[in-house]
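In UniProt numbering, the protein residues as written are 1 to 274.
Quick reminder that beta carbons are idealized off the backbone N, C-alpha and C, glycines included.
Bear in mind the structure is a predicted one, so any value in this text is a computation, not a measurement.
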Amino acid sequence: MKKIVLLASLTLIFVSCGRSSDNTNEIIIDPVVEVPALPTKITGDSDVKEIKYNGNKISEISSAVSRMIFEYTGNFITKIIVYNIHGKKMRSVDFVYNNGRLITAYPEDVDYKGVFSYSYPESNVINCTEITRYGSGNGSLINKKIVTYIQKNNNIISEELTYYQDDELRGSVSKIYTYDDKKNVYRNILGIDKIKAFLVSQIQDWNIRGDDNNNLTMDVVNPSINGEILKYKAVNSINYSVDNYPVRIITKMYTEGKDISQNYIGVNLFEYSK
């Protein structure tokens with residue numbers, strides 16, 4: 001059983017000073033400067049992740065088994081590399097932007113190379129074509145996903161996906177997301193919102209979200225080409241700090257209304273910068 005718990009605190013720094021001149025004794029108080037809360041530690045049942053920053057730019061996520069390095073160009077995340085405990089590169093992704101929007105991601109690991117292309121036909125719509133090649137030569141396999149994401153209030157609220165294997169239709173997936181009105185764990189990390197579509201698609205590999213608020217439910221309908229329909233639901237129960245950041249998230253999975261939490265349950269603890 002997975003356990004994940006989250007601790008959070010937000011520190012405000014107040015800077016004030018008095019100034020005077022020959023003409024006045026007025027005291028000027030500088031405005032309150034708020035230091036954004038940034039997650040620094042995530043404790044789960046199988047590992048503990050430590051997170052480092054350069055200001056509000058994320059630089060590293062490390063655990064007992066891996067190390068994830070982030071690189072920026074200006075205010076944009078342009079590369080993420082994951083190494084195992086022995087320092088061997090396991091996977092990476094490069095990001096390319098145009099006019100402040102993600103247009104291409106190039107994920108790669110020991111088994112595949114991918115090209116993910118993004119377009120924005122409307123302000124709240126993100127279209128993505130994901131092409132991934134496994135292997136090389138005559139033994140290679142090409143997977144393609146065509147995805148449409150709908151956003152509301154800077155959160156991805158729905159996802160429609162059709163996937164192919166070597167140009168043969170293999171199925172589709174529909175996902176509906178709901179959110180709270182509190183602050184997302186990662187919302188203050190610079191540039192994380194720009195790659196939210198990539199992160200939600202690859203959540204199992206990267207375990208980060210780029211939305212403004214916290215995901216409460218995810219409803220999934222997965223019809224297969226043979227007529228079977230799989231339906232399941234993920235539900236997050238969240239406890240918050242006084243500053244409205246998650247301190248604990250419990251995740252349960254259900255299918256067709258039946259509790260299957262014996263198959264998956266997660267409890268996470270988060271700690272934040274002071």
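- Put simply, the backbone Cα of H86 is about 28 Å away from that of I195.
- Per DSSP, the beta-bridge partners of E160 are T148, S174.
- Between I77 and I61, the C-beta gap is not smaller than 8 Å, which leaves the two residues out of contact.
- Here Q165 is exposed: its Cβ has fewer than 16 other Cβ atoms, across all protein chains shown, within 10 Å.
- Across the structure, A234 and K252 are spaced so that their CA atoms are roughly 6 Å apart.
- One Cα belongs to R133, the other to N184, and the distance between them is close to 33 Å.
- DSSP links S123 through a beta bridge to no other residue.
- Residue state for D193 is assigned as helix, using DSSP reduced to three classes.
- In the structure shown, the three-state DSSP call for S201 is helix.
- Only residues of its own chain outside the window of five on either side were considered, and among them I250 have a CB closer than 6 Å to the CB of S237, listed in chain order.
- Bounds of any beta strand (DSSP E) do not take in I208, whose DSSP letter is neither H nor E.
- Note that the C-beta distance between T178 and L230 is not below 8 Å.
- With respect to the C-alpha of D212, the residue from I131, A105, A197, G135 having the closest C-alpha is A197.
- If you compare the alpha carbons of S172, D180, E168 with that of N239, the shortest gap goes to D180.
- Non-local beta-carbon contacts of V221 in its own chain, meaning distances under 6 Å to residues more than five positions away in sequence, involve S174, K231 in chain order.
- Excluding residues up to 5 positions away in sequence, R101, I126, N127 lie with their Cβ nearer than 8 Å to the Cβ of Y120 in the same chain.
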